[in-house]
Structure formats: structure tokens, C-alpha cells
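Read through the structure below, which is laid out as C-alpha cells, and then see the notes.
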Amino acid sequence: MTEITILGTGMAGLGAAHCAREENVKSVMYEKNDHPGGHTASWTSPDGFVFDEGPHISFTQDERIQSILADSIEGDVEQFSAYVNNRWQDQWIKHPAQCNLYGLPVDLVTRILSDFTAAQYTEPGAINNYADWLVASYGKTFAETFPMEYGLRYHTTTADNMSTDWLGPRLYRPAIEEILRGALTSDTDDVHYISEFRYPTHGGFGGFLKKLLAGLEVNLSHRLVGVNTGTKQLAFANGKQAGYEHLVSSIPLPELVPMIEGVPGHVKAAAAKLACTTCVTVNIGVAREGISPAHWTYFYDRDYIFTRLSFPDMFSSHCTPEGCSSVQAEIYYSKKYKPVDRSPEECIEPVIKDLQRCGLLREDDDIVFKDSRLIEYANIIFDLDRKEALDIVHGYLQEIGIHCAGRYGTWGYHWTDESFKSGESAIKTILG
Ligand SMILES: Cc1cc2nc3c(=O)[nH]c(=O)nc-3n(C[C@H](O)[C@H](O)[C@H](O)COP(=O)(O)OP(=O)(O)OC[C@H]3O[C@@H](n4cnc5c(N)ncnc54)[C@H](O)[C@@H]3O)c2cc1C
């Protein structure tokens, strides 16, 4: 009887466990935290504010995944059209900015339109990086004013140090008519790549995990510290040991690789080159309803401490006590490009000040809850070192029979649905 060992209980681990169950194969899971769910866990403050570890919504187009999630909570799901906006130099701009230039300084709009038009009729040169792609797609002025500025704040490195293999549908490329219309009127279509999304009515995004976790053998508070692929033994920080037959890991590669006994130096060095962002979230509860009309907002200006805000009360009214609103701010750092320069607690007051500066909070607002947390592994940085380093690491892990899954096992730009499916794929590979 085959048994599969799964490291991590996030979406990738749960996808693997779900698939194993469907295939009537036993799985056993190990998780370092004292709760399951990884990034998709949610928590509730003593007075009833619900926050996700980082803001999470489900925008999967895959109907199979939609129904797995909905079934997990017996259909207790909210479904929305997303309203997203941007904050740029004291103005609110509907998202995406390239289709909503109306009201911006006339000189800037003129240069954007002129560059954009020229870019459409010019044969692009070689696209060697994300910066080249942005200029070829939108023209220099828009590229430098908007996506390059936002990208630096979100990815923590410059666009000329990034590849383009993560883009997919993430950046909308409008037709010239859409740009012109958006420059002449505020009456524009909604074209964000996330148009509709789902979110549990109760319990935050973590609510989706309810039935997925039921009946699984999950060993919490088991932080893996050593792997011997020769003897097929795992060692945990709590002193326990366990054998395994087949191994699926969703542990971040830069942590997993150094734990492997006998790992060659060049593989260790390659794993150390893999970069990702670290995110501080600041979570605020306010005794006033409706502080924002948007579900989330992107901030472009460097003098704002946060890069993105989201508003959990807009996802479900059950995320706040009655008469209240909430906001979750994301501040990005990375070990490689922008090391953390203050503690999460030290981020709280600057966030409140900036929320007041942009008018989302009033001076006399009653802030009834405040908290901050660190997400060590946030977004993978697709810098120019990534591909070569990743090929070395994945080649080695394949050789020694460790099956990688999830955002930090594949080291890809995976959303929850893709992480779940990568866990399923790992099981299918094992079962042949
Ligand atoms: C700020 C933010 C916002 C996001 N928003 C969205 C969104 O709106 N929609 C969406 O679809 N996706 C979103 N994502 C992406 C989403 O979080 C991921 O795709 C998904 O959660 C990754 O799942 P995973 O299982 O691969 O990783 P994780 O959830 O990180 O799971 C890995 C697990 O391994 C455990 N682990 C790590 N080290 C060890 C160890 N040594 N021993 C044992 N266990 C260990 C961790 O504790 C964790 O439980 C967002 C991500 C971030 C960072």
C-alpha cells in the first residue's frame, strides 16, 4: 500500500492530499505552524475583525476548482465584480490606468498618447527584460510613470532586472481606441484581469479549507529540519523522525535545499540565488462603515509606505463587526534587493498616517483594532538570475526523488488554484 508524505498544508499540500484521497492513496502531512493552511489561513481578532494572512480572493476560472472550494464550505460563498483603483500623485484613478487617463495632467496624457501611438507603429527591438517589454507595449512615458514605479514597489527590483516569463494576462494591453476613450471620458469599461471573484461568507479565505482538511492526517508544529534521501528519513525541529516512501514538498526551495544531507555546493548556491519578496501586513479596524468604495487599491508614489491596500469588509460583511470597516496594508521588502528596515510594529503608525493623508481615514476616526505581521515568503521575484538557478535546483531535486509543488516549490507566480493543481500534479507523477 503506497503512502505519500506531504510537506506543508497550504494550497499545494491540500491539492496533493485531495488528489491522493481521490486516488485512494494514504497521505500524511507535516506542517511547521500550529495551524494548517499556509498563506490561505485566516484569523479573527478578539472583537471580530477577520483578516487573511495576506489579502486572498479566489478568481480562478477553472470550474472544477471553483466547485471544490464551494463544496468545501457548502456554498457559503460571496461572488463579486471587482472594483479596483489606483492612487497616483493625490489622484484616484480607475484601474487599469492605461485605459483611464482622463483627468491626469494634460502634458502627461499628451506624452503618453504620443509615445503609445509611436510604439504601435514601431518595430520593437529585442525584448531582453520586463523594462523592454513595457516600453514596447505602452510607450516610454506610461511605462516609466506607472508600471515601472509600481513594479519597483511590489517586486523590490527594477524592471530591467526582471524577465517576462511571469506576465501572462497580468498587464492589460489595450487597443488604441480604449486608450483614447479613457483619455477623453471617465465612462470606461472594466477590464481588470480579475473581473469576478469569490470569497467565503464566513471565516475569511481560510473558510474555503473546511472540508478539504477534514479527515486528513496532519501533524502540526512539525518543522522539517533535515532530509536524508538515502535512508528516506525526515527530521523535525521537535526531535521527531519519520520515514517516507514518496515525498511531495511545498517548502520554499531556499529553505528545503540546505536541509538535504549531502547536497552539492553548486545546488546550495543556486538555491540561495532564488529571490522573493517579504511582506509586512498592517491590519486596521475602524468604527465607521464604508471607508473605501474599492475592493483593493494600488499605490504608485514612493512616499507612501504601503504598495497595496485591500478592504476585507468589501469581501464579506462578516469580516467586520457591525458598523465597522477594515483595511489591510501590504509593505514589500526582499532579502536580496530591499532588506526589512523596521519591525512590523514600527509599520503601524506610518500606515495610519498615510491612510489619513490619502483621505481613507479621518483624523477623528476611532481605530478599534491594529496589528501587524510578517509574511516571510510573499511573491517570487522573476529576476534575471531565477531561471538558471531554478533549473539547477529542480534538476537535482528530481534526481533525488523530491516532488516539488506550490508557489515556493515550483518557485513560480502561482495563485491558489495553480498551487492546488501543482499539488495534484505531483501526486499524479508519483502514481504514474
Ligand atoms: C500577499 C499575498 C496575497 C495573495 N493573494 C492571492 C489572491 O488574492 N488569490 C490567489 O489565488 N492567490 C493569492 N496569493 C498566492 C497564494 O498565497 C499562493 O498561491 C498559495 O497560497 C501558495 O500555496 P502553497 O501551498 O504553495 O504555499 P504556502 O501556503 O506557503 O504553504 C507552504 C506550507 O509549508 C509550510 N512550511 C514551510 N516550511 C516548513 C518546514 N520547514 N517544515 C514544515 N512545514 C513548512 C508553511 O508553514 C506552509 O503551511 C497571494 C500571496 C501573497 C503572498
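Taking our numbering, I'd label the letters of the sequence shown as residues 63 to 494. Every residue gets a Cβ at the ideal spot worked out from N, C-alpha and C, and that includes glycine. Small disclaimer: the values here were computed from a predicted structure and weren't measured.
Exercise. Once you ignore the five residues that flank Ala180 on each side, which residues in its own chain have a CB closer than 8 angstroms to its CB?
Worked result: As a working mapping, residue 180 is identified with position 118 in the sequence shown. If we look at Ala180 and ignore the five residues flanking it on each side, its Cβ neighbours are Gly201.
Exercise. Exposed or buried, Lys415, counting other C-beta atoms within 10 Å across all chains shown (16 or more means buried)?
Worked result: Against the sequence shown, residue 415 aligns to sequence position 353. The residue in question, Lys415, is exposed, as its Cβ has fewer than 16 Cβ neighbours within 10 Å.
For this session: May I ask which residues mark the beginning and end of the beta strand (DSSP E) holding His465?
Result: One-based indexing of the sequence shown puts residue 465 at position 403. Run containing His465: Ile464 to Cys466, per the beta strand (DSSP E) assignment.
For this session: For Leu371, verify whether its CB is less than 6 angstroms away from any heavy atom of ligand 1.
Result: As a first step, residue 371 must be located in the sequence shown, where it is residue number 309. It does not: the Cβ of Leu371 is nowhere closer than 6 angstroms to a heavy atom of ligand 1.
Exercise. If you drop the 5 nearest sequence neighbours on each side, which residues of the same chain put their C-beta closer than 7 angstroms to that of Ala103?
Worked result: As a working mapping, residue 103 is identified with position 41 in the sequence shown. Excluding positions up to five away in sequence, the list reads His97, Glu115 and Gly268.
Exercise. Could you give the C-beta distance for Gln390 and Pro117, rounded to a whole number, given that I count them as a contact under 8 angstroms?
Worked result: As a first step, residue 390 is located in the sequence shown; it is residue number 328 there, counting from the start. As a first step, residue 117 is located in the sequence shown; it is residue number 55 there, counting from the start. Between Pro117 and Gln390 the Cβ distance is about 5 angstroms, and since that is below 8 angstroms, they are a contact.
Problem set entry | Length of the line joining the Cα atoms of Leu274 and Leu76 | Within the sequence shown, numbered from 1, the residue matching residue 274 stands at position 212. Within the sequence shown, numbered from 1, the residue matching residue 76 stands at position 14. In a straight line, the C-alpha of Leu274 is about 7 angstroms away from that of Leu76.
Problem set entry | Beta-carbon proximity list for Leu458, same chain, < 6 angstroms, skipping 5 on both sides | For the purposes of this step, residue 458 is identified with residue 396 of the sequence shown, where counting begins at 1. Just to set this straight, residue 458 is Tyr in the shown sequence, not Leu. Excluding positions up to five away in sequence, the list reads Val329.
Problem set entry | Buried or exposed by the 16-neighbour rule on C-beta atoms within 10 Å, applied to Ala221 | The residue you call residue 221 lines up with position 159 of the sequence shown. Counting Cβ neighbours within 10 Å, Ala221 comes out buried, since at least 16 surround it.
Problem set entry | Near ligand 1: Lys94 beta-carbon under 6 angstroms from a heavy atom | In the sequence shown, counting from the first residue as 1, residue 94 sits at position 32. Yes, the beta carbon of Lys94 sits closer than 6 angstroms to at least one heavy atom of ligand 1.
Exercise. How would you write the range of the alpha helix (DSSP H) that Ala334 sits in, first residue to last?
Worked result: For the purposes of this step, residue 334 is taken as the residue at position 272 of the sequence shown. Note, Ala334: alpha helix (DSSP H), Gly327 to Lys335.
Exercise. For Ser434 versus Val344, is the C-beta spacing smaller than 7 angstroms?
Worked result: The count along the sequence shown starts at 1 and reaches residue 434 at position 372. The count along the sequence shown starts at 1 and reaches residue 344 at position 282. Result yes, Cβ atoms of Ser434 and Val344 sit closer than 7 angstroms.
Problem set entry | Contacts around Asp124, its chain only, beta-carbon distance under 7 angstroms, and the 5 residues preceding and following it disregarded | Residue 124 sits at position 62 when you count from the first residue of the sequence shown. Closer than 7 angstroms at the Cβ level, and outside the excluded window around Asp124, lie Asp479.
Exercise. Does DSSP put Arg215 in a helix, a strand or coil?
Worked result: Residue numbering aside, residue 215 sits at position 153 when the sequence shown is read from its first letter. Helix at Arg215.
For this session: Quick one: measure Cβ to Cβ for Pro316 and Ala334, integer angstroms, because I've assumed they're closer than 8 angstroms.
Result: In the sequence shown, counting from the first residue as 1, residue 316 sits at position 254. In the sequence shown, counting from the first residue as 1, residue 334 sits at position 272. 6 angstroms between Cβ atoms; contact.
Exercise. Is any heavy atom of ligand 1 found at a distance shorter than 6 angstroms from the C-beta of Ile256?
Worked result: Taking the sequence shown and counting its residues from 1, one reaches residue 256 at position 194. No, Cβ of Ile256 sits at least 6 angstroms from all heavy atoms of ligand 1.
For this session: Ignore the nearest five residues each way along the sequence and tell me which others in Glu307's own chain have a CB closer than 6 angstroms to its CB.
Result: Along the sequence shown, one-based indexing puts residue 307 at 245. Hits under 6 angstroms: Glu65.
For this session: May I ask whether a heavy atom of ligand 1 can be found less than 6 angstroms away from the beta carbon of Ser89?
Result: On the sequence shown, residue 89 is found 27 positions in, with the first residue counted as 1. No; taking the cut-off as 6 angstroms, the Cβ of Ser89 has no heavy atom of ligand 1 nearer than that.
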